[in-house]
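Per the working numbering, the sequence shown starts with residue 359, numbered consecutively. First comes the structure, then the notes that go with it.
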Amino acid sequence: MSNSLMEEPRLFSLCIPSYNRGRKALQRVEELLPTLAAGWELLLLDNGSHEEREHYDRIAELAADNPCLRYVRHASNREFHGNFLACLELARGDWLMISSDEDCPQTEVIRGLLPEMQARSNLGVVRGALPYHTRPESYYRAGSEALTQYGIANTYITGTFYHRALLEQKGILQRLRENIAAHRLYPHLYLELLTGSLCDIWVSAQVVATVGEPQQSGSTAGQSARYHSAYSLGSRLDLVISLRDALLEAVHLLGQPFDVNLFCHLYWQLCAETFRLISEVNAPVYLDYGLHPGLTRKGWLYFCAAAISHYPKLHPYKERILAELARIYGQFCAPPQGEGVRDAQQFTALLAEMKSATGKSDSFLEAVFRLEAAGNLSELGRFIQSAPFNAQEMVAALGQLLAHGRDRAAFVLALLLKKRGHRHPSVLLALALGGAVWNHATVWAEAVAELPSLVEAMEGSNRRRFYLRQLVPALSWPLQKAATEGDVGRIRQLLAVVHAAAPDLRGLFKENPLALDLFAVEAQQWCREQAGIILTLLYRDQAWFPVV
């Protein structure tokens, strides 16, 4: 076969990832080859299999004689997420469908769907039906509609079509490449969330594949593997964290001021789905492995609360979030187990228990948020000075205030901590920002002078975390205000704080591009022209910053 024929672009790619199941893979290839339409390719991706190799060798022989079949063998096991990414990167078609080697795609049905798929220019994902899993025919527009109506619904990958060329054009595949390790358990859910932000999604009611009998791979089969897998309780915990972050990224991608209500709604959907999985779908495996069902469900409630209660931008909404989580818990822990939330009194008690479990610093922060929002700095100062919290708890609270852009409250708290002799990057950063915003030139100059030496003593990774988690969000409002008012002096003061906290700012951006991405996301909440001015200033020669 000539190289030119091998490199010929294909209209549609049917991708089958496989590992240690050569017999099934060969059976599937032999069934599908005679049914392929013109301009199709069948791509079999062998994930470094070490069992049933003779069957994979036969597939390689077939591929040598059939231009419609491509066999790719990885040198080592890339795990599911690596093989999933390989499907998207190696397929030659603008559109591709992924199918497990145990399932059988219905090529006639697919042939009928393709023309409409190709006619819709902004269509990114098509979810076909399976015999046991059908949904009404639906078309969701990119944005909140696609995120809320489709979101994380696709837990089984067979029958999913991806518009590979469009996802590459939109930069979605590049995001997948960069972040796939964090989404190794369900990389397709991450991909589809990002896609829903920018592209339309179509759910078809037509059955595009039949589902075969599940089979574990060779030597990994056995009772232990039923638990130690993507379905283990630990894996489900990781799933909540990875998809929580994916939801945040997807909402930011909408390109408008961050929609807290949309994010909360999506997070509740995630919690409800994982409650269903651990309470119903995976519960028999957990019970076989000695896990108490009632305590597992209650622990899940607290974990879902812990995963969101300190998350950026959400602290003022915590009571509402906890109440909704308690409601979800009651929905999935109903009276048959005798552990449900059956009445208002029990619901109230559970909610109070959750709030109490979140710790004193949360109550302190909630009070500070309320007082700061009311603009009463005198009352805020009195509360902070009289609050029975030790310095460590107050410094932790200070970091949260900075991350949420509460510069007034952070400044008052930092003044108290400085008076008591505490030196910490969060304290100095709050003093430097507050000094610039509230015209305390002496406080600003002292903090900016001290900040570099204190930050320099931190590890590199900690410096990046310090910059990303505190400095960037804390700069949002004061820089926006200064840019709107054309206050160049204030902008210079604020950028001097940036220079003090991260002297080699351009080096930081080069070393960690995500730092610039995060700043750009924050900047989307400003006037785009003003944001461009600020980003341009940050990229200018470091000598531009005032010497202090």
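Note that beta-carbon positions come from the ideal geometry of N, C-alpha and C, so glycine has one too.
Inspect the beta-carbon positions of residue i and residue j and report whether they are closer than 9 Å.
i      : j      : result
Met475 : His546 : no
Glu495 : Val598 : no
Leu543 : Ala588 : yes
Leu791 : Pro836 : yes
Ala815 : Leu789 : no
Gly406 : His439 : no
Pro489 : Val569 : yes
Leu556 : Ala511 : no
Tyr508 : His491 : no
Ala854 : Val806 : yes
Ser457 : Ala630 : no
Gln851 : Gly779 : no
Ala768 : Ala832 : yes
Gln758 : His668 : yes
Ile686 : Trp626 : yes
Does DSSP put residue i in a helix, in a strand, or in coil?
i      : result
Pro463 : strand
Arg764 : coil
Asp558 : strand
Pro494 : coil
Pro375 : strand
Thr513 : coil
Tyr508 : coil
Arg428 : strand
Trp453 : strand
Phe438 : helix
Phe616 : coil
Ala684 : helix
Val565 : strand
Leu369 : coil
His541 : helix
Ala500 : coil
Ala433 : coil
With respect to the beta strand (DSSP E) encompassing residue i, which residues constitute its N-terminal and C-terminal limits?
i      : result
Ala487 : Leu481 to Ala487
Thr518 : Thr518 to His521
Glu399 : Trp398 to Asp404
What residue range does the alpha helix (DSSP H) around residue i cover?
i      : result
Thr654 : Pro651 to Ser667
Tyr644 : Ala641 to Asp646
Asp845 : It is not in any alpha helix (DSSP H) - Asp845 carries neither H nor E in the DSSP assignment.
Tyr414 : Arg411 to Asp423
Trp796 : Where Trp796 is concerned, there is no enclosing alpha helix (DSSP H), given that its DSSP letter is neither H nor E.
Ser736 : Leu735 to Ser744
Ser600 : Leu591 to His610
Leu384 : Gly380 to Leu390
Since residue i and residue j are thought to touch, with beta carbons under 8 Å apart, how far apart are those beta carbons, to the nearest angstrom?
i      : j      : result
Leu628 : Leu601 : 5 Å
Ala564 : Leu635 : In the sequence under discussion, the amino acid at residue 564 is Gln, which differs from the Ala named in the question. That belief does not hold up - the Cβ atoms of Gln564 and Leu635 are roughly 27 Å apart, past 8 Å.
Leu505 : Leu551 : 7 Å
Val483 : Phe519 : 7 Å
Leu914 : Arg533 : Since the first residue shown for the chain is 359 and the last is 906, residue 914 is missing from the structure and cannot be characterised.
Measuring only from the beta carbon, is residue i closer than 8 Å to any heavy atom that is part of the ligand MN?
i      : result
Arg478 : Questions concerning the ligand MN fall outside what the structure shown contains, since it holds no ligand whatsoever.
Count Cβ pairs between the stretch 515–532 and the stretch 477–484 that sit closer than 8 Å; are there 3 or more? yes
Could you say if the stretch 608–617 and the stretch 642–662 meet the contact criterion of at least three C-beta pairs nearer than 8 Å? no
Three or more C-beta pairs closer than 8 Å, one from the stretch 447–457 and one from the stretch 386–405: is that the case here? yes
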